[in-house]
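The listed protein sequences derive, respectively, from chains A and B. Residues in the first sequence are numbered consecutively from 1, following the UniProt record's numbering. Residues in the second sequence are numbered consecutively from 1, following the UniProt record's numbering. The block underneath contains the structure these notes are about, expressed in structure tokens.
2 protein chains.
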Amino acid sequence: MSGSGLGLVTTRHAVVATPQHPLRLVGGGVLEHVEVAYETYGELSPARDNVVLVAHALTGDAHAAGHHGDPARRGWWDDLIGPGRAVDTDRFFVVCPNLLGGCRGTTGPSSTDPATGRAYGPDFPDLEMGDLVAVHRRLLEHLGVGTVHAGVGGSLGGMQLLQWLGEEPGRLRRAVLVAATARLTAENRGFSAVAREAITSDPDYRGGRYAEHGVVPARGLKVARMLAHLTYVSAAGLETKYGREGIESYLHHQGDAFVRRFDAGSYLTLTRLLDRFDPFADPAFAKAAAAGEPEVLAISFDSDWRFGTDHSAHIVAELEAAGLVVEHHEIASPWGHDSFLLRPPGYHELVAAFLQR
Amino acid sequence: MSGSGLGLVTTRHAVVATPQHPLRLVGGGVLEHVEVAYETYGELSPARDNVVLVAHALTGDAHAAGHHGDPARRGWWDDLIGPGRAVDTDRFFVVCPNLLGGCRGTTGPSSTDPATGRAYGPDFPDLEMGDLVAVHRRLLEHLGVGTVHAGVGGSLGGMQLLQWLGEEPGRLRRAVLVAATARLTAENRGFSAVAREAITSDPDYRGGRYAEHGVVPARGLKVARMLAHLTYVSAAGLETKYGREGIESYLHHQGDAFVRRFDAGSYLTLTRLLDRFDPFADPAFAKAAAAGEPEVLAISFDSDWRFGTDHSAHIVAELEAAGLVVEHHEIASPWGHDSFLLRPPGYHELVAAFLQR
Numbered sequence: 001m002s003g004s005g006l007g008l009v010t011t012r013h014a015v016v017a018t019p020q021h022p023l024r025l026v027g028g029g030v031l032e033h034v035e036v037a038y039e040t041y042g043e044l045s046p047a048r049d050n051v052v053l054v055a056h057a058l059t060g061d062a063h064a065a066g067h068h069g070d071p072a073r074r075g076w077w078d079d080l081i082g083p084g085r086a087v088d089t090d091r092f093f094v095v096c097p098n099l100l101g102g103c104r105g106t107t108g109p110s111s112t113d114p115a116t117g118r119a120y121g122p123d124f125p126d127l128e129m130g131d132l133v134a135v136h137r138r139l140l141e142h143l144g145v146g147t148v149h150a151g152v153g154g155s156l157g158g159m160q161l162l163q164w165l166g167e168e169p170g171r172l173r174r175a176v177l178v179a180a181t182a183r184l185t186a187e188n189r190g191f192s193a194v195a196r197e198a199i200t201s202d203p204d205y206r207g208g209r210y211a212e213h214g215v216v217p218a219r220g221l222k223v224a225r226m227l228a229h230l231t232y233v234s235a236a237g238l239e240t241k242y243g244r245e246g247i248e249s250y251l252h253h254q255g256d257a258f259v260r261r262f263d264a265g266s267y268l269t270l271t272r273l274l275d276r277f278d279p280f281a282d283p284a285f286a287k288a289a290a291a292g293e294p295e296v297l298a299i300s301f302d303s304d305w306r307f308g309t310d311h312s313a314h315i316v317a318e319l320e321a322a323g324l325v326v327e328h329h330e331i332a333s334p335w336g337h338d339s340f341l342l343r344p345p346g347y348h349e350l351v352a353a354f355l356q357r
Numbered sequence: 001m002s003g004s005g006l007g008l009v010t011t012r013h014a015v016v017a018t019p020q021h022p023l024r025l026v027g028g029g030v031l032e033h034v035e036v037a038y039e040t041y042g043e044l045s046p047a048r049d050n051v052v053l054v055a056h057a058l059t060g061d062a063h064a065a066g067h068h069g070d071p072a073r074r075g076w077w078d079d080l081i082g083p084g085r086a087v088d089t090d091r092f093f094v095v096c097p098n099l100l101g102g103c104r105g106t107t108g109p110s111s112t113d114p115a116t117g118r119a120y121g122p123d124f125p126d127l128e129m130g131d132l133v134a135v136h137r138r139l140l141e142h143l144g145v146g147t148v149h150a151g152v153g154g155s156l157g158g159m160q161l162l163q164w165l166g167e168e169p170g171r172l173r174r175a176v177l178v179a180a181t182a183r184l185t186a187e188n189r190g191f192s193a194v195a196r197e198a199i200t201s202d203p204d205y206r207g208g209r210y211a212e213h214g215v216v217p218a219r220g221l222k223v224a225r226m227l228a229h230l231t232y233v234s235a236a237g238l239e240t241k242y243g244r245e246g247i248e249s250y251l252h253h254q255g256d257a258f259v260r261r262f263d264a265g266s267y268l269t270l271t272r273l274l275d276r277f278d279p280f281a282d283p284a285f286a287k288a289a290a291a292g293e294p295e296v297l298a299i300s301f302d303s304d305w306r307f308g309t310d311h312s313a314h315i316v317a318e319l320e321a322a323g324l325v326v327e328h329h330e331i332a333s334p335w336g337h338d339s340f341l342l343r344p345p346g347y348h349e350l351v352a353a354f355l356q357r
């Protein structure tokens, strides 16, 4: 929990699907070229038994810790991951891949479709959670990793790990599911629907072929992000951090910055995937997950009104009904869903203790 | 609380400001022509002492009760207002004006600016709550009404009545403030900021001169309404009414219908006014309101996360600190802020009992 953190790190890339070894998607699509951006921290042990997979959330990327040249600008989970930190890189070999369907180095809607030579755009196939997990698995094969000591993920990151527990029992020995859900509510879906409408109704969306026209649906993407940000922070957190006077300019700043770093097609693809995620709808899922006998730690935050404690409790209840004992902690934090990226008292300590078992 | 309701009603119009008797606005602007759309129900007593003013919310209109020809399509507060109902038209003379800055018959940004002969659009002056009240007062003068037996308003409607209590003590003898607030939170303002960004970034907004171009910023206005609707209903209410599967199409339906009946400029003007509303910032305000010795009933709903019980409690605390005794009831209702338009158990009964004192 101390130390100055990782130093310079670099993002690497691996090709995990080729025409000879395509990725066949759950929904029926096929991707003949999949490249994954990822970072690793720490050293793989000779026994290859010290791997921690970090799965990021909707708009995250592979750059979880350390820096890319400017020590003042560090990865999004830098205070969790590093020498002596909760995810201790003196002990663990940490792998953080950018997710499939994203736009930060891993294949997604803004990537070139090898069949046409132009960006996939609206032709990018529908993804399911299992497809994201399949890419993680291929990356670990590429790295020569079998069993995973632990997976740690927040929000959509936790959902990917949950999917993996049921899909390949035993491979993931431990999972830390932070502010995750196994099923979006109508309200969750409603906010995503508004964000998608903002994007697709932007005239620069051009039916999804904006890249070919040299434009981006920046107006819609900005509105989508401004809205999403409001749902990530609690009302009290907004009041404390930005206040009545500061909130509007803050949201504009957030929205403008997002447009520069994120792709509208990825936003559509990933929010639709989130809408559909409902693994416990299949009664076999929980049984399979329990059969792998993983250790599971669910963490939720009391002010999270997006995927709050009731969502984690739902995951716990489903897994426990299948015979697995799950640890669940609600952490007091005023910052809403965003708490998973911050450090409310007790949170990192829980993760550290769980990984050190 | 029984009866078949009012029959056919009509919307009337009154001119309450002219070049000879202009409306000088709180913020310094001047309107030389103000027309008000309003409806009345019941009969004014010979003593002119049975007036109930109904003040509507952000997107409401003068058509609160009865019907305009199709008995199946009734005013927005028809189950509250009518013969034998909580606002009993056998006893009271009910006046419901459309608010200044709106677009449903009362002067607002979509009205013609007499100085230019074209729609005001972005030139429509900034409004404050006192300006809306000033138009109410002029309408009542036009109708020959002095003291008002009671005002009843939900959300922005309640805020107009609160403003009036402090502005002209004694004129409004009773006020029912339903799901109102005296100060928006950062979160409240944030959602309005997103809605405004959606509207003003729509290319058809044309810097506010859309009417001159024969277009409307329909895409932005639709997104604004979809978003607002999510904040009007509780998460549980969305789940019950629309469910995970129905929410997206429901929001699209709501958004499309709104574009047909509401003006983007009015949305901007009125949400900015709401952002600024903060009457208790002036210590004299509460004292003035208390000096009028009005009877005040504040009603909030337990699932309202827009202007919930803490907002009503804030109003009550400020008025009571100034020496006024205020009645406040929290009503159990699963429908969030929208509850003020619905009929959760106990709500209409409270209003009826209060008005009959």
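Note that CB positions come from ideal geometry on N, CA and C, so glycine has one too. Just so you know, these numbers come straight off a predicted model, no measurement behind them.
Per DSSP, the bridge partner or partners of residue i
i                     : result
ALA17 (chain B)       : B:VAL34
PHE301 (chain A)      : A:ILE331
ALA175 (chain A)      : A:GLY151 and A:VAL296
PHE93 (chain B)       : B:VAL51
residue 358 (chain B) : Shown here, chain B extends from 1 to 357; a query on residue 358 (chain B) therefore has no answer.
ALA119 (chain A)      : A:THR112
LEU140 (chain A)      : DSSP output for LEU140 (chain A) lists no bridge partner at all.
Of the listed residues the options, nearest to residue i (C-alpha basis)
i                     : options                                  : result
LEU270 (chain B)      : B:ARG343, B:LEU6, B:LEU156 and B:PHE354  : B:LEU156
LEU355 (chain B)      : B:HIS68, B:GLY84 and B:PRO97             : B:GLY84
residue 361 (chain A) : A:VAL30, A:ARG244 and A:HIS311           : As shown, chain A starts at 1 and ends at 357. That puts residue 361 (chain A) outside it, with no answer to give.
TRP77 (chain B)       : B:VAL94, B:ARG209 and B:ILE315           : B:VAL94
ASP90 (chain A)       : A:HIS252, A:VAL26 and A:GLY42            : A:GLY42
TYR267 (chain A)      : A:LEU100, A:ALA55, A:VAL51 and A:ASN50   : A:LEU100
ARG48 (chain A)       : A:VAL15, A:LEU140 and A:LEU127           : A:LEU140
residue 360 (chain A) : A:ALA72, A:ALA317 and A:HIS21            : The question about residue 360 (chain A) has no answer, for chain A in this structure spans 1 to 357.
LEU273 (chain B)      : B:GLY170, B:GLY28 and B:LEU127           : B:LEU127
GLU248 (chain B)      : A:VAL15, A:ALA193 and A:THR200           : A:ALA193
LEU161 (chain B)      : B:GLY144, B:ALA186 and B:ALA134          : B:ALA134
ALA186 (chain B)      : B:PHE258, B:PHE307, B:GLU167 and B:HIS33 : B:PHE307
ASP302 (chain B)      : B:ALA284, B:VAL34, B:HIS33 and B:GLY346  : B:GLY346
Beta-carbon neighbours of residue i, restricted to chain A and to distances below 7 Å
i                : result
TYR242 (chain B) : ALA186
LEU227 (chain B) : VAL194 and LEU227
Between the CA atoms of residue j and residue i - distance to the nearest angstrom
i                : j                : result
VAL87 (chain B)  : GLN254 (chain A) : 46 Å
ASP202 (chain A) : VAL215 (chain A) : 11 Å
ASP61 (chain B)  : PRO97 (chain B)  : 7 Å
ASP113 (chain B) : THR18 (chain B)  : 12 Å
LEU23 (chain B)  : THR107 (chain B) : 11 Å
LEU324 (chain A) : ILE315 (chain A) : 11 Å
ARG183 (chain B) : LEU297 (chain B) : 18 Å
ALA195 (chain A) : ALA228 (chain B) : 13 Å
LEU44 (chain B)  : ALA224 (chain B) : 40 Å
TRP164 (chain B) : ASN188 (chain B) : 23 Å
MET1 (chain A)   : GLN20 (chain A)  : A caution first: MET1 (chain A) carries a pLDDT of 40, below 50, which makes its placement in the model unreliable, though a value can still be read off. When rounded, the distance between both Cα atoms is 45 Å.
THR40 (chain B)  : GLY292 (chain B) : 26 Å
GLY69 (chain B)  : LEU8 (chain B)   : 6 Å
ARG174 (chain A) : GLY190 (chain A) : 33 Å
Chain B residues whose Cβ lies nearer than 7 Å to that of residue i
i                : result
ALA322 (chain A) : None at all; the shortest Cβ gap to chain B is about 23 Å.
ALA235 (chain A) : THR185 and GLU187
Under 8 Å from the C-beta of residue i: neighbouring residues of chain A
i                : result
GLU239 (chain B) : THR185, ALA186 and GLU187
LEU230 (chain B) : GLU187, GLY190, PHE191 and VAL194
GLU330 (chain B) : What GLU330 (chain B) touches in chain A: nothing, since even the nearest Cβ is about 18 Å away.
Residue i: CB within 7 Å of a non-hydrogen atom of the ligand GTP
i                : result
ILE315 (chain B) : Ligands are entirely absent from the displayed structure, and the ligand GTP is therefore not among its contents.
Within chain B, partners of residue i - CB distance below 9 Å
i                : result
LEU100 (chain A) : In chain order: nothing, as chain B lies at least about 24 Å away.
LYS222 (chain A) : GLU197 and SER201
ALA62 (chain A)  : What ALA62 (chain A) touches in chain B: nothing, since even the nearest Cβ is about 29 Å away.
ALA281 (chain A) : Per Cβ cutoff of 9 Å: no residues; ALA281 (chain A) is ~11 Å from chain B at best.
Amino acids of chain B, ordered along the chain, whose beta-carbon sits closer than 8 Å to that of residue i
i                : result
GLU128 (chain A) : Neighbours of GLU128 (chain A) on chain B: none; closest Cβ ~16 Å, over 8 Å.
GLU141 (chain A) : Those within 8 Å of GLU141 (chain A) in chain B number zero; the least Cβ separation is about 35 Å.
Selection of the segment 173-193 of chain A by Cβ proximity to chain B, strictly under 9 Å | ARG183, LEU184, THR185, ALA186, GLU187, ASN188, ARG189, GLY190, PHE191, SER192 and ALA193
Got a sec: which bits of the segment 245-265 of chain A sit with their beta carbon under 8 Å from any beta carbon on chain B, in order along the chain?
-> GLY246, ILE247, GLU248, LEU251, HIS252 and GLY255
With 7 Å as the limit, tell me which residues of the segment 203-220 of chain B have their beta carbon closer than that to any beta carbon of chain A; keep them in chain order.
-> PRO203 and ARG219
Which residues, in order along the segment 298-325 of chain B, keep a beta-carbon less than 9 Å from a beta-carbon of chain A?
-> TRP305
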